[in-house]
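Chemist: Heads up: the sequence lines are chains F and W, in that order. With the first letter of the first sequence counted as 1, position 16 gets the number 15 in numbering that gives the first Met the number 0; the numbers rise by one all the way through. With the first letter of the second sequence counted as 1, position 196 gets the number 195 in numbering that gives the first Met the number 0; the numbers rise by one all the way through. C-beta atoms are modelled at their ideal positions from N, C-alpha and C, and glycine is treated no differently. Take a look at this one; I'll ask things after.
There are 2 protein chains.
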Amino acid sequence: MPRVSDMKQRLTDAALDLMWENSYGTTSVDAICDRAGAKKGSFYYFFKSKSELTAAALEAEWNKNKANMDALFSPTTPPLERFDRYFDYVHDRLAELKEECGSILGCPLLSIGSEVSTQDQRVRATVDRIWDRKIKYFESAIRDAHSQGLIMAPDPEAKARALFACYHGTLAQARVQNDVELIRDFKEVARDVLGVKHANAISS
Amino acid sequence: MPRVSDMKQRLTDAALDLMWENSYGTTSVDAICDRAGAKKGSFYYFFKSKSELTAAALEAEWNKNKANMDALFSPTTPPLERFDRYFDYVHDRLAELKEECGSILGCPLLSIGSEVSTQDQRVRATVDRIWDRKIKYFESAIRDAHSQGLIMAPDPEAKARALFACYHGTLAQARVQNDVELIRDFKEVARDVLGVKHANAISS
DNA sequence: CAGATAGTTGACTGGTTGGTCTACTGAATG
DNA sequence: CATTCAGTAGACCAACCAGTCAACTATCTG
């Protein structure tokens with residue numbers, strides 16, 4: 000079996016970079032090829048359409064991040080601290096990317112998903128599937144927090160989805176306003192959404 | 000002064016419809032013209048670019064909605080009820096649109112803004128400006144609720160921005176997942192974010 | 001009715017798009 | 001050393017893109 004190539008990965012990397020920074024629509028196959036150092040023929044050898052490449056790129060991104068997510072949401076970390084670490088991590092990453100490209104880029108799954116959702120079922124379904132996996136991290140952290148009496152969450156799955164949605168809204172808004180501040184403040188918002196009980200409670 | 004025309008408005012209407020349902024990138028000037036019953040020449044008579052048209056379309060949409068927003072957030076309505084009414088209204092509207100086009104469309108400002116933000120400063124700034132106006136409704140409702148002792152919100156502006164972001168995340172996710180359910184559940188999430196105190200409190 | 005103004009028409013351009021196709025190349029196997 | 005086959009090359013295509021332009025038309029004012 001002759002020749003091995005890392006071109007497939009170079010293409011998915013290039014595609015994700017470009018679509019994240021710009022958008023699905025403005026990222027042309029030509030531009031992806033240029034950045035990956037590929038020619039058209041190679042592109043359509045590996046992928047049968049731009050849509051399929053995009054789905055593959057999102058899956059590849061997930062696979063790259065999974066180990067990291069596993070670490071951040073390790074059951075050995077106290078449940079509420081997992082969220083803090085995760086939010087810090089994303090904040091720092093986006094701030095770092097801003098240094099490189101001048102913009103807060105938000106979440107690629109949301110940006111691409113929202114752009115494409117009414118027109119491309121394959122990509123839409125891919126985003127949906129990856130979100131489900133991500134939400135599981137939230138869900139089990141919430142369940143753990145609940146069982147430790149840190150929060151009141153009789154329906155961890157619903158709580159996880161709600162928090163996930165709130166977080167994504169914050170990322171999306173940060174992208175549009177090109178401002179990290181909202182993201183930095185989110186940890187406190189998350190506490191409200193989770194309904195974290197105060198040790199030194201003045202409340203209600 | 001000869002001839003009057005409603006074409007400018009027909010064009011902004013058509014543009015917003017198409018971009019909301021699909022995306023900025025996939026909405027061509029030709030398609031906008033078709034839907035508005037205009038020819039290319041008319042388009043570029045009123046607008047000097049697709050970008051300018053888009054900004055105008057977003058502003059026009061705001062103007063159409065403003066009276067409605069004023070009513071929903073009337074100071075004569077109890078502050079927390081204003082949110083409930085607003086969320087109900089948006090939910091119903093999106094559900095109604097889903098009947099027509101099969102999809103939950105989310106918020107056009109967010110979808111278009113997110114798609115275009117790194118590449119089109121004019122549209123980005125327009126979204127930003129309109130958001131600021133909308134957040135003011137949230138802000139004064141929060142301030143009123145605070146002064147009535149219904150919630151604890153020492154920084155109403157920050158609270159308003161946070162709630163606004165959470166809400167938009169929910170709308171965006173509803174679009175990608177094509178599912179109204181998240182939106183329906185948001186009223187309760189909003190209560191958490193706002194930190195609504197329970198009359199019959201078990202809490203803390 | 002004359003002229004000015006506000007709006008309309010649609011052919012045209014030059015560049016870009018996603019995608020196809022045929023010819024080629026280079027490394028491993030027998 | 002020849003065959004095989006994963007991968008590469010890049011010319012090519014029709015459709016489409018945003019935007020231009022010069023000619024045209026309808027309506028109001030004097």
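Taking a contact to mean a Cβ-Cβ separation below 9 Å, would you say W:Ala157 touches W:Arg142 in this structure?
Modeler: No, the pair does not count as a contact, with Cβ atoms beyond the cut-off.
Chemist: Closest by CA to F:Lys241, which one among F:Glu98, F:Glu58, F:Tyr23?
Modeler: This structure leaves residue 241 of chain F out entirely; chain F is present only between 0 and 203.
Chemist: How would you call F:Tyr44, buried or exposed, if buried means at least 16 neighbouring beta carbons within 10 angstroms?
Modeler: The residue in question, F:Tyr44, is exposed, as its Cβ has fewer than 16 Cβ neighbours within 10 Å.
Chemist: Residues of chain F with CB closer than 9 Å to the CB of W:Leu109, please, in chain order.
Modeler: Chain F residues near W:Leu109: Ser113, Gly168, Ala171, Gln172, Val175.
Chemist: Taking 9 Å as the CB-CB limit, is F:Gly194 close to chain W?
Modeler: Answer yes: the Cβ-Cβ gap between F:Gly194 and chain W drops below 9 Å somewhere.
Chemist: Can you confirm whether the segment 25-45 of chain W touches the segment 97-105 of chain W when touching is taken to mean that 3 or more C-beta pairs between the two stretches lie within less than 8 Å?
Modeler: Too few Cβ pairs lie closer than 8 Å, so no.
Chemist: Please decide whether F:Ala94 counts as near chain W, where near means a Cβ-Cβ distance under 9 Å.
Modeler: Closer than 9 Å: no.
Chemist: For W:Cys165, I'd like the list of residues in its chain whose CB is within less than 7 Å of its CB, leaving aside the five on either flank, ordered along the chain.
Modeler: Closer than 7 Å at the Cβ level, and outside the excluded window around W:Cys165, lie Val188, Val192.
Chemist: Report the CB separation of F:Ser113 from F:Arg174 in whole angstroms; it is logged as a contact under 8 Å.
Modeler: Rounded, the Cβ-Cβ distance is 11 Å, inconsistent with contact.
Chemist: Please name the residues in the segment 112-138 of chain W whose beta-carbon is closer than 9 Å to at least one beta-carbon of chain F, in chain order.
Modeler: Cβ contacts with chain F: Gly112, Ser113, Glu114, Val115, Ser116, Thr117, Gln118, Arg123, Val126, Asp127, Trp130.
Chemist: Which residues in the same chain have their Cβ closer than 6 Å to the Cβ of W:Lys97, if we skip the five residues on either side of it in sequence?
Modeler: Closer than 6 Å at Cβ, skipping near neighbours: Ile103.
Chemist: Can you check which of these residues, W:Ser146, W:Ser4, W:Tyr23, W:Arg81, is closest to W:Glu51 by C-alpha distance?
Modeler: With distances taken between Cα atoms, W:Glu51 lies closest to W:Tyr23.
Chemist: Hey, could you find the ends of the alpha helix (DSSP H) W:Tyr23 is sitting in?
Modeler: Premise fails: W:Tyr23 is in no alpha helix (DSSP H) and is neither H nor E.
Chemist: Tell me whether the beta-carbon of W:Leu149 lies closer than 9 Å to the beta-carbon of W:Pro74.
Modeler: For W:Leu149 and W:Pro74, no; Cβs fall outside 9 Å.
Chemist: Express the C-alpha separation of F:Thr76 and W:Ala204 in angstroms, rounding to a whole number.
Modeler: Here chain W has residues from 0 to 203 only, and residue 204 of chain W is not among them.
Chemist: Measuring alpha carbon to alpha carbon, tell me which of F:Ala55, F:Arg132, F:Asp119, F:Phe82 ends up nearest F:Ile182.
Modeler: Closest option to F:Ile182, Cα to Cα, is F:Phe82.
Chemist: From the beta carbon of W:Arg81, is the nearest beta carbon of chain F less than 9 Å away?
Modeler: W:Arg81 does not count as touching chain F.
Chemist: Report the rounded CA-to-CA distance for W:Met18 versus W:Arg132, giving the unit in angstroms.
Modeler: If I take the Cα positions, the gap works out to 22 Å.
Chemist: For W:Asp29, go through chain F and note every residue whose CB falls closer than 7 Å to its CB, in chain order.
Modeler: Going along chain F, no residue has its Cβ under 7 Å from W:Asp29, so there is no contact; the nearest lies around 16 Å.
Chemist: Is the distance from the Cβ of W:Leu10 to the Cβ of W:Ser41 below 9 Å?
Modeler: The answer is yes: Cβ separation under 9 Å.
Chemist: If you draw a straight line from the alpha carbon of W:Pro107 to that of W:Gln172, how long is it in whole angstroms?
Modeler: Going by the C-alpha atoms only, they are around 13 Å apart.
Chemist: Rounded to the nearest angstrom, what separates F:Thr26 and W:Thr26 at their Cα positions?
Modeler: For F:Thr26 and W:Thr26, the distance between alpha carbons rounds to 15 Å.
Chemist: Can you tell me which of the three DSSP states F:Ile103 falls into?
Modeler: Three-state result, F:Ile103: coil.
Chemist: W:Asn21 CB to nearest chain F CB: under 9 Å?
Modeler: Closer than 9 Å to some Cβ of chain F, the Cβ of W:Asn21 qualifies, so yes.
Chemist: Determine the DSSP secondary structure at W:Gln176, reduced to helix, strand or coil.
Modeler: If DSSP states are grouped into helix, strand and coil, W:Gln176 belongs with the helices.
Chemist: Give the residues of chain W in contact with F:Arg160, contact being defined as C-beta atoms less than 7 Å apart.
Modeler: Those are Leu181, listed as they occur along chain W.
Chemist: By Cβ distance, which residues of its chain are closer than 8 Å to F:Ile201, with the 5 residues on each side in sequence left out?
Modeler: At F:Ile201, the pLDDT of 42 sits below 50, so the modelled position is not reliable; the number obtained from the coordinates is stated separately. Closer than 8 Å at the Cβ level, and outside the excluded window around F:Ile201, lies no residue.
Chemist: How close, in whole Å, do the beta carbons of W:Ala13 and W:Ile31 come, if the pair is a contact with beta carbons under 8 Å?
Modeler: That belief holds up - the Cβ atoms of W:Ala13 and W:Ile31 are roughly 5 Å apart, short of 8 Å.
Chemist: Report the rounded CA-to-CA distance for W:Asn67 versus F:Gln118, giving the unit in angstroms.
Modeler: Distance between the alpha carbons of W:Asn67 and F:Gln118 is about 31 Å.
Chemist: Here's a check: name, in chain order, each residue in its chain whose Cβ is nearer than 7 Å to the Cβ of W:Arg160, leaving out the five neighbours to either side.
Modeler: If we look at W:Arg160 and ignore the five residues flanking it on each side, its Cβ neighbours are Ile134.
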